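What follows is a short report on a single structure.
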Amino acid sequence: MLVLETVAKIRREHLAGGKGMKTIAREMGLSRNTVRKVIRSGRASFAYERTEQPHPKLGDHLDRLRAMLEENAARSRRERLTLTRIHDLLTREGYGGSYDAVRRFAGRWQAERRGVDSASEAFVPLSFAPGDAYQFDWSHEQVEIAGAPQTVKVAHLRLSHSRRFYIRAYPRETQEMLFDAHARAFAAFGGVTRRGIYDNMKTAVDAIFMGKTRRFNRRFEEMCSHYLIEPVACTPASGWEKGQVENQVGYARDNIFRPRLRFASLQELNGWLEAECERRARTDRHPEQRDRTVWEVYEAERAALAPHPGPFDGFHAMEVVASATCLISFDRNRYSVMARAARRAVQVGAYADRIVVRCDGEVVAEHARCFGRDHTVYDPWHYLPVLARKPGALRNGAPFQDWSLPPSLTRLRRRLGSGDEADRRFVRVLASVLTDGLEAVDAAVFEALQGGTASDDVILNILARRREPPGPPGITTSNALALAHPPIADCARYDLLRGDHAAA
């Protein structure tokens, strides 16, 4: 193959220098046929083009390789073999060549199978009117929380017109996290668009039918109805239909999550992410309106957003049965409930950051959500009715270890001392919380301790006195009915009567 420098020199010597082909061939050490080819063709460069690819090693195995590739293409995505595995199977059948030869042939075979028409791989650029749509997606990112590496699930929500985005990290990629991300994003945007574009995630779509027809999850549809959103699901494996948020995932991974973020808690991480989203919106240029920032375009779009109706009550509901020890199991952890719910069916409402448990429509427990595994979360007050009947459980009961009591009750327990009798007396005071409330009991304990008494009887007496209804109000007499000579209380007058009687 003639290199570009040789072709250029031949052309200069002949066309600019006026030298003949024989002279050029002799001076440059080339054949006259080569010089003649360059001069007569008029071309400025030559490139070697292979018309047929030889397969010295694959030659006897080409038919078998084609058959394996055809079979592999017909398999489902989950069962499809890798080219490394195909090369291994071909080697077992006698192929002695390299993996690269198999890879190159498979690439050409795939291109021929798709056809020479590249229109099927071309896309139409999309444009969205203000307030028309947003796009949603998840990504998995590596962060460091409290010194430990952790993979967080990041929700991405992006306004399609202004390109303002909102991202938030969660421990799970579940439905309640999806609801929470939407509520926080719409609150940050100050409004809602008319449509939402999603992929076919299981937390939103129950079934996929022909075309764009979907059967959405009931709770997901409730959320869309609350915000007056029309949900739109993409064609499977067609990420370009929500290309903005797909690109945002890569942008956030390269520009926000690298180098690895380090925070003391997930709450601190999300606070920083929220501020970072706004900072970048104020500084980044809009990709289409280069003379304006994303924030400026967003400010113009806000008028087209529908009013924010308030957060959706986004919880994931399930029903469980509370155990005899007043515990329920949820998400591989256990939580306590009030004693009256023991051995009964309860409804668990799981939010992104807490769980609420109801029994017959009444809340019987509310806890901050735990995302570990095999943890037990107690609320000692849930066990107070049981403790009132079994005061001996105060010493070794698991819910009462490290019980954080009000200061007055803590002092009372210390003053009462230790032992079975002291525990019974202290539990008598605690049991009064069921009827009088914690504030009233704490105040009665404080009053008793201020008087120098640490007695359960005295405390219960104080509570009883405070429960007594107030006395009737006094009667106010008008001036017109006032006595001119009011009676005088003088007990000595009775002594005069005694003297008269004695004389008789």
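Whatever position you read off the sequence shown (first residue = 1), add 8 for our numbering. All C-beta atoms in this analysis are idealised placements derived from N, C-alpha and C, irrespective of residue type, glycine included. All values derive from a computational prediction rather than experimental measurement.
_Cβ-heavy atom distance, A488 to the ligand ZN, below 7 angstroms_ = Absent from the structure shown: the ligand ZN. Ligands present: none.
*Given that a residue counts as buried once 16 or more other Cβ atoms are within 10 Å of its Cβ, and exposed if not, what is Y103?*
The residue given as residue 103 occupies position 95 in the sequence shown. Buried is the call here.
*Tell me, please, whether the stretch 293-311 touches the stretch 145-163 by the rule of three or more beta-carbon pairs shorter than 8 angstroms.*
Output reads no: the stretch 145-163 does not touch the stretch 293-311.
*When burial is assigned at 16 or more other CB atoms within 10 Å of the CB, is G322 buried or exposed?*
Here residue 322 refers to the residue found at position 314 of the sequence shown. By the 10 Å Cβ count, G322 comes out buried.
*asked:* For C334, count the other beta carbons within 10 Å of its own beta carbon; 16 or more makes it buried, fewer makes it exposed. Which is it?
replied: For the purposes of this step, residue 334 is taken as the residue at position 326 of the sequence shown. Classification for C334: buried.
*asked:* Please classify T201 as buried or exposed, where buried requires at least 16 other C-beta atoms within 10 Å of its C-beta.
replied: Stepping through the sequence shown from its first residue, residue 201 is reached at position 193. Classification of T201: buried, given that the 10 Å Cβ count is 16 or more.
*Helix, strand or coil at A241 according to DSSP, with G and I counted as helix*: Mapped onto the sequence shown, residue 241 falls at position 233. Strand.
_Would L313 and G445 be called neighbours here (beta carbons separated by less than 8 angstroms)?_
As a working note, residue 313 is residue 305 in the sequence shown. As a working note, residue 445 is residue 437 in the sequence shown. Against a cut-off of 8 angstroms, the Cβ pair of G445 and L313 comes out as no contact.
*Go to Q256, then tell me how far its alpha helix (DSSP H) extends in each direction, as first and last residue.*
For the purposes of this step, residue 256 is taken as the residue at position 248 of the sequence shown. First-last of the alpha helix (DSSP H) with Q256: G251 to N263.
_Please report the distance separating the alpha-carbon of Y391 from that of M346._
Locating residue 391 in the sequence shown gives position 383, where the first residue counts as 1. Locating residue 346 in the sequence shown gives position 338, where the first residue counts as 1. In a straight line, the C-alpha of Y391 is about 7 angstroms away from that of M346.
*Count the other C-beta atoms from every protein chain shown that fall within 10 angstroms of the C-beta of G204, then say buried if there are 16 or more, exposed otherwise.*
By 1-based counting over the sequence shown, the position of residue 204 is 196. When all chains shown are included, G204 counts as buried.
*Inter-residue Cα distance where the pair is D125 and R298*: Position 117 of the sequence shown, counting from 1, holds the residue named residue 125. Position 290 of the sequence shown, counting from 1, holds the residue named residue 298. Caution is warranted here: a pLDDT of 48 is assigned to D125, below 50, making its placement in the model unreliable, and no coordinate value can be reported.
_C-alpha distance - I32 paired with R116, whole-angstrom precision_ = Sequence index remark: in the sequence shown, residue 32 carries index 24 (1-based). Sequence index remark: in the sequence shown, residue 116 carries index 108 (1-based). In a straight line, the C-alpha of I32 is about 42 angstroms away from that of R116.
*What whole-angstrom Cβ distance do K210 and R180 have, given they're in contact under 8 angstroms?*
Your numbering for residue 210 matches position 202 in the sequence shown. Your numbering for residue 180 matches position 172 in the sequence shown. K210 to R180, Cβ: 13 angstroms. No contact.
*asked:* For W303, count the other beta carbons within 10 Å of its own beta carbon; 16 or more makes it buried, fewer makes it exposed. Which is it?
replied: Counted from its first residue, the sequence shown places residue 303 at position 295. Counting other Cβ atoms within 10 Å of its Cβ, W303 reaches 16 or more and is therefore classed as buried.
*Does DSSP put Y306 in a helix, in a strand, or in coil?*
Working through the sequence shown from its first residue, we reach residue 306 at position 298. Correct three-state label for Y306: helix.
_Going by DSSP, what residue range makes up the alpha helix (DSSP H) through V437?_
Numbered from 1 along the sequence shown, position 429 holds the residue referred to as residue 437. Residues D428 to A439.
*Can you name the residues that DSSP bridges to M326?*
By 1-based counting over the sequence shown, the position of residue 326 is 318. BP columns for M326 point to V356.
*Taking buried to mean at least 16 other C-beta atoms within 10 Å of its own C-beta, is H148 buried or exposed?*
Taking the first residue of the sequence shown as 1, we reach residue 148 at position 140. For H148, the number of other beta carbons within 10 angstroms of its own is below 16, and it is reported as exposed.
_Same chain only: Cβ atoms within 7 angstroms of Q143, ignoring 5 sequence neighbours per side_ = The count along the sequence shown starts at 1 and reaches residue 143 at position 135. Excluding sequence positions up to five before and after Q143, its CB lies within less than 7 angstroms of the CB of R166, S168, I205, K250, Q252 and V253, all in the same chain and listed in chain order.
*Local conformation of P267 per DSSP, three classes*: Counting from 1 along the sequence shown, the entry for residue 267 is found at position 259. Collapsing the DSSP output to three states places P267 in coil.
*DSSP three-state assignment for S337, whether helix, strand or coil*: Position 329 of the sequence shown holds residue 337. S337 falls in the strand class under three-state DSSP.
*So, V6 versus L269, is the Cβ gap smaller than 8 angstroms?*
Residue 6 lies beyond the range of the chain shown here (9 to 512); nothing can be said about it.
*Between which two residues does the alpha helix (DSSP H) carrying I470 extend?*
Within the sequence shown, the letter at position 462 stands for residue 470. Unbroken alpha helix (DSSP H) run through I470: D464 to R475.
_Can you list, in chain order, the residues of its chain with a C-beta nearer than 7 angstroms to that of R432? Leave out the 5 residues immediately preceding and following it._
Here residue 432 refers to the residue found at position 424 when the sequence shown is read from its first residue. Answer for R432: P399, listed in chain order.
*Check whether the Cβ atoms of E229 and Y359 lie closer than 8 angstroms to each other.*
Reading the sequence shown from its first residue, position 221 is the one you call residue 229. Reading the sequence shown from its first residue, position 351 is the one you call residue 359. In this structure, Y359 does not lie closer than 8 angstroms to E229 by Cβ.
*Of the residues S337, V385 and D262, which one's Cα is nearest the Cα of Q409?*
Residue numbering aside, residue 409 sits at position 401 when the sequence shown is read from its first letter. With distances taken between Cα atoms, Q409 lies closest to V385.
*Beta-carbon spacing of P244, I264 below 8 angstroms*: Numbered from 1 along the sequence shown, position 236 holds the residue referred to as residue 244. Numbered from 1 along the sequence shown, position 256 holds the residue referred to as residue 264. Their beta carbons are not under 8 angstroms apart, which means P244 does not touch I264 by this criterion.
*Which whole-angstrom value is the C-beta distance of D387 and R377, which I expect to be below 8 angstroms?*
Walking along the sequence shown from the start, residue 387 turns up at place 379. Walking along the sequence shown from the start, residue 377 turns up at place 369. Wrong, their Cβ atoms sit about 14 angstroms apart, outside the cutoff.
*Tell me, to the nearest whole angstrom, how far the beta carbon of A114 is from that of L89; I am working on the premise that it is less than 8 angstroms.*
One-based indexing of the sequence shown puts residue 114 at position 106. One-based indexing of the sequence shown puts residue 89 at position 81. Not quite, the Cβ-Cβ distance comes to about 11 angstroms (not below 8 angstroms), so this is no contact.
*Going by other Cβ atoms of all chains shown within 10 Å of its Cβ, with 16 needed for buried, is A492 buried or exposed?*
In the sequence shown, the residue the question calls residue 492 occupies position 484. It counts as exposed.
*asked:* Give me, in chain order, the residues of the same chain whose beta-carbon lies closer than 7 angstroms to that of G380; leave out the 5 immediate sequence neighbours on both sides.
replied: Here residue 380 refers to the residue found at position 372 when the sequence shown is read from its first residue. Closer than 7 angstroms at the Cβ level, and outside the excluded window around G380, lie N341.
*In the structure shown, what three-state DSSP assignment does P157 receive?*
Looking up residue 157 in the sequence shown gives position 149. P157 carries a strand assignment under DSSP once its states are collapsed to helix, strand and coil.
*C-alpha distance - A1 paired with K220, whole-angstrom precision*: The structure shown does not extend to residue 1, since the chain spans only 9 to 512, so no value can be given for it.
*Minimum C-alpha distance to L10 - residue among S440, G28, M36 and P267*: Locating residue 10 in the sequence shown gives position 2, counting from the first residue. With respect to the C-alpha of L10, the residue from S440, G28, M36 and P267 having the closest C-alpha is M36.
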